[in-house]
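Structure first, then comments.
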Amino acid sequence: MRIIVCLKPVPDPKYWKNLTIDPVLKVLVREGMPNVINPLDRNALEEALIIIEKQGGEVILLSMAPLFCLSVLREALAVGGDRAVLLSDRAFAGSDTLATSYILSEAVKRLAPFDLILCGNETIDGGTAQVGPQLSQFLGMEGINFVCGVEKFLGEERKGRSLIVRRKTEHGYLRMQVKLPALLSVVKEANIPRYTTFMGILGAEKKEIQVWNGNDLNIDLSRIGLTGSPTKMSSLFVPELKRRREIVKGTPEVVSSLIIDKIHQAGLL
Amino acid sequence: MSGEVWVFAEHNNGSLLEVTFEILGKGREIADKLKGSLSAILMGRDLEEMTQELIDFGVDCVYLFEGLHPNLYPGQEMVGILCDLVRKFSPDILLMGATSIGAELAPKVAARLNTGLSAHCIDLDVDEEGHLLQIVPAFGGGVLGTITCPDRRPQMATVKSGVLRAGRKGSRNGRAVQEEIMGSRESGIKMLETLEGEIAEVPLEKAEVVIAGGWGVGGKDQWLQLEELATLLKGTVGATRPAVDEGWAREFQMIGQSGRTVRPKLYIGFGISGVMHHMVGIQDSDFIIAVNSDPEAEIFRMCDFGVEGDLKEILPCLIQKIKEKIKK
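One line per chain: the protein sequences are A and B, in this order. Each residue of the first sequence is one higher than the one before, starting from 1 at the first, in our numbering. Each residue of the second sequence is one higher than the one before, starting from 270 at the first, in our numbering.
Have a look at this one:
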């Protein structure tokens, strides 16, 4: 069994208020910002590790990010996984979800054969939840979002093998059987990610991280980066805030009374 | 086709979702601005009643795929059907709800058609050139962005439930067109069963008082106080993403771009920095109070009443005072 886990380094939410925007590219200035693995991607990695512990096989971590995110991949390898591939190229910068999924799909093709691709359902920065399902389409396979449980495998490896999963909906759950290879985007309920151990950190130093750029992949340059992306961020604006913005400080007693006054004014209590 | 606006009409077991009506309202507006028409795509079984409802809500043409599995799943089969229809008629704009189905269907369709898609829009409009303006909260950092897709068609967007106002019922002469599913479809998915969830439905959307907590709440102990305060004020507890990640709150309590949209009379946020991801979910609240120890917190720019202070001290005091008040 070979599982590819897609990981995205995201700016640590603890520092989000320091984020700035590049006025020309209209993208996030990420340099200098501490990055962490996107939280749900840790659930994707955990699910891969659970499966491999039972089934045997290999877990490959895949990420598209600037070179300075190598350390984030190393951190992920300390949690688990056998090796990692970092896709890094200036030409990738500014890619929207379509272009990103296309680049990832070309890397995945190079890593074939594989049985499963696991992603976090969405990231905390962009939060579109689009890359997983779009990647499944570039690879011509089924992709399932909101996966909250992986139940069991049916059939022989790479001979029409399928997997039973649970998927969340607004109304409950769907249990479904999906043919492999397939892509699953997992949500928080799927599992509880394990902690990094000291042995894990030591072990990660010996694991291989390959860095691939555009030349390593069979990529149509007209389909990537800022210019190859169909969506354009045409303007950024601070939303109009018609709020009173009355700010106070004081002892807990004083401010509590003030809050209660406001609750009254809102017609409550 | 220029000016042709399509809406994917999502339903659950034969009843159209609220978000479908919300998008139809906006879709009609846009179609009129473009001097075009509004169409809906409806798939499933027993579609007659829903077809009439769609027409009543301003649809000019309903494309029907009758006889499909009632549990519509956006697998390869459904994606293929929708993509074939789009290729046949080349609509200008294709809109869907950012529901659990729509949020999976839309990116798949966009990828196959090699076109642009924006997620969780909070508003839509068109410019003078007829480009769809897709307003999205950007970067989680206090700004909104306008996304366009100038060169490829259809222009696609998903819209969150509850952010647009549902359209009005009118009298129109719409028509229904029966579409055939072409060829046999490959599907790698077999539906086994549908399970009703034990998702505790907190009616956040309908709550008059929302008490919300963020990362700054700092721990489960304070979170319990937050819940106590909500109970005292007959309110509902909401959360930001970091509070959910910390395990204090559950996913269904999350307010914001990828969570719920609330419109209470009173919102009180504790330890919430005010990133736009969250703020877009509360912006229609009547009155916003924020408690935060960080004087620089973004939320202070976006609230009616802000209290700069330590919530660990304020919460117990506030709860005590409200209890006294209620006793009287």
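Even glycine gets a Cβ: it sits at the ideal position worked out from N, Cα and C. The model shown is predicted, which means the values in this text are computed figures rather than measured ones.
Chain B residues whose Cβ lies nearer than 9 Å to that of residue i
i: S101/A; result: P376, A380
i: M1/A; result: By Cβ distance, chain B contributes nothing, its closest Cβ being about 18 Å from M1/A, past 9 Å.
i: A182/A; result: G457, I458
i: M176/A; result: Y342, G344, I458, K459, M460, L461, E462
i: K8/A; result: Neighbours of K8/A on chain B: none; closest Cβ ~14 Å, over 9 Å.
i: K179/A; result: S456, G457, I458, K459
Residue i - partner residues in DSSP beta bridges
i: A559/B; result: G538/B, G575/B
i: D296/B; result: The question names Asp, but residue 296/B in the sequence shown is Gly. None; G296/B has no bridge partner.
i: M523/B; result: A508/B
i: Q309/A; result: Examination of residue 309/A is not possible in this model, given that chain A is present from 1 through 269 alone.
i: T384/B; result: Answer by DSSP bridge pairing: none, since T384/B is not bridged.
i: D394/B; result: L402/B
i: E462/B; result: R175/A
i: R167/A; result: V147/A, L174/A
i: E497/B; result: DSSP lists no partner for E497/B.
i: Q552/B; result: DSSP, once it has assigned bridges, lists no residue as partnering Q552/B.
i: G313/B; result: E335/B
i: I260/A; result: Note: I260/A sits in no beta bridge, so no partner.
i: N281/B; result: S284/B
i: L184/A; result: L118/A, I144/A
Contact set between residue i and chain A, taken where Cβ atoms lie within less than 7 Å
i: Q345/B; result: E142
i: L337/B; result: Correct list: empty, because the minimum Cβ distance to chain A is about 16 Å.
i: G482/B; result: By Cβ distance, chain A contributes nothing, its closest Cβ being about 15 Å from G482/B, past 7 Å.
i: P511/B; result: P13
i: V478/B; result: L268
i: K304/B; result: Neighbours of K304/B on chain A: none; closest Cβ ~23 Å, over 7 Å.
Spatially closest choice to residue i from the options, by CA coordinates
i: I224/A; options: M64/A, C6/A, E47/A, P11/A; result: M64/A
i: G578/B; options: G550/B, K377/B, G540/B, D353/B; result: G540/B
i: G283/B; options: P343/B, K302/B, E317/B; result: E317/B
i: G399/B; options: E298/B, G507/B, K590/B; result: E298/B
i: K530/B; options: A476/B, L364/B, G305/B, L382/B; result: Before going on, a small fix: residue 530/B reads as Thr here, not Lys. For the residues A476/B, L364/B, G305/B, L382/B, the minimum Cα distance to T530/B belongs to A476/B.
i: G414/B; options: S359/B, G366/B, I391/B, N281/B; result: I391/B
i: K54/A; options: R243/A, D96/A, L98/A, R2/A; result: R2/A
i: E593/B; options: F521/B, V506/B, L502/B; result: L502/B
i: L86/A; options: G267/A, L217/A, S222/A, L268/A; result: L217/A
i: L293/B; options: P343/B, G336/B, M365/B, E346/B; result: M365/B
i: A204/A; options: P181/A, G56/A, A84/A; result: A84/A
i: G80/A; options: P66/A, D89/A, V165/A, D41/A; result: D41/A
i: G457/B; options: T227/A, P181/A, F237/A, E47/A; result: P181/A
i: Q424/B; options: E474/B, D555/B, P360/B, A367/B; result: P360/B
i: L139/A; options: L111/A, R244/A, R166/A; result: L111/A
i: L104/A; options: A266/A, K8/A, T227/A; result: K8/A
i: C69/A; options: I164/A, V10/A, A107/A, E47/A; result: V10/A
i: L236/A; options: R444/B, G488/B, Q447/B, L402/B; result: L402/B
i: L61/A; options: L118/A, L67/A, Y102/A, E106/A; result: L118/A
i: T128/A; options: R381/B, A380/B, P376/B, T417/B; result: P376/B
Within chain B, partners of residue i - CB distance below 8 Å
i: V164/A; result: The sequence given here has Ile at residue 164/A, not Val. In chain order: L461.
i: N145/A; result: S369, A372, E373
i: D216/A; result: The premise fails here: D216/A is roughly 22 Å from chain B at the closest Cβ pair, so nothing lies under 8 Å.
i: G127/A; result: A388, H389, G409, Q526, S527, H546
i: L98/A; result: A379, A380, N383, T384, G385, L386
i: P39/A; result: D514
i: E122/A; result: S527
i: P270/A; result: The displayed coordinates of chain A run from 1 to 269. Any statement about residue 270/A would go beyond what the structure contains.
i: P193/A; result: Chain B residues near P193/A: none, gap ~11 Å exceeds 8 Å.
i: P113/A; result: Those do not exist, as P113/A stays about 16 Å from chain B at its closest Cβ, beyond 8 Å.
Chain A contact residues for residue i, given Cβ-Cβ distances below 8 Å
i: T417/B; result: T231, K232, S234
i: F556/B; result: K262, Q265, A266
i: I450/B; result: Residues of chain A passing the Cβ test: none, with the nearest at roughly 18 Å.
i: I299/B; result: Ordered by position in chain A, no residue passes the 8 Å Cβ test against I299/B, which lies about 17 Å from the chain.
Chain-ordered neighbours of residue i on chain B, where CB pairs are closer than 7 Å
i: K188/A; result: E520
i: F138/A; result: A380
heavy atom of the ligand FAD below 7 Å from residue i C-beta
i: T227/A; result: Only the bare structure without any ligand can be found here, which leaves the ligand FAD out of the picture.
Closer than 9 Å at the beta carbon, the chain A residues around residue i
i: K594/B; result: I260, L269
i: I568/B; result: Those within 9 Å of I568/B in chain A number zero; the least Cβ separation is about 10 Å.
Ignoring anything shorter than 3 residues or poking outside the stretch 320-378 of chain B, list the beta strand (DSSP E) runs there in chain order.
Scanning the stretch 320-378 of chain B for uninterrupted beta strand (DSSP E) segments of 3 residues or longer gives 330-335, 362-366, listed from N- to C-terminal end.
Short-range partners of chain B found in the stretch 246-266 of chain A, where Cβ spacing is below 8 Å:
Within the stretch 246-266 of chain A, the qualifying residues are E246, I247, V248, K249, G250, P252, E253, V255, S256, S257, L258, I259, I260, K262, I263, Q265, A266.
Report the residues of the stretch 485-507 of chain B with a CB closer than 7 Å to any CB of chain A, ordered along the chain.
For the stretch 485-507 of chain B, which is checked against every Cβ of chain A, the residues closer than 7 Å are L502.
Give me the subset of the stretch 572-588 of chain B whose CB atoms are less than 7 Å from a CB atom of chain A, sorted by chain position.
Taking a C-beta cut-off of 7 Å against chain A, the contacting residues of the stretch 572-588 of chain B are C572, D573, F574, G575, V576, E577, G578, E582, I583, C586, L587, listed in chain order.
Closer than 8 Å, Cβ to any Cβ of chain A: which residues of the stretch 272-296 of chain B, in chain order?
Hits within the stretch, in order: N281.
With 8 Å as the limit, tell me which residues of the stretch 418-435 of chain B have their beta carbon closer than that to any beta carbon of chain A; keep them in chain order.
Taking 8 Å as the Cβ-Cβ cut-off against chain A, the residues of the stretch 418-435 of chain B that qualify are C418, P419, D420, R421.
Going along the stretch 45-64 of chain A in order, which residues come within less than 7 Å of chain B, judged by CB to CB distance?
Cβ contacts with chain B come from no residue of the stretch 45-64 of chain A.
When Cβ atoms are compared, which residues of the stretch 346-365 of chain B fall closer than 9 Å to chain A?
Only those residues of the stretch 346-365 of chain B whose C-beta falls short of 9 Å from the nearest C-beta of chain A are listed: V348.
Which runs of the alpha helix (DSSP H), 4 residues or longer, sit entirely within the stretch 99-157 of chain A?
Runs found: 131-138.
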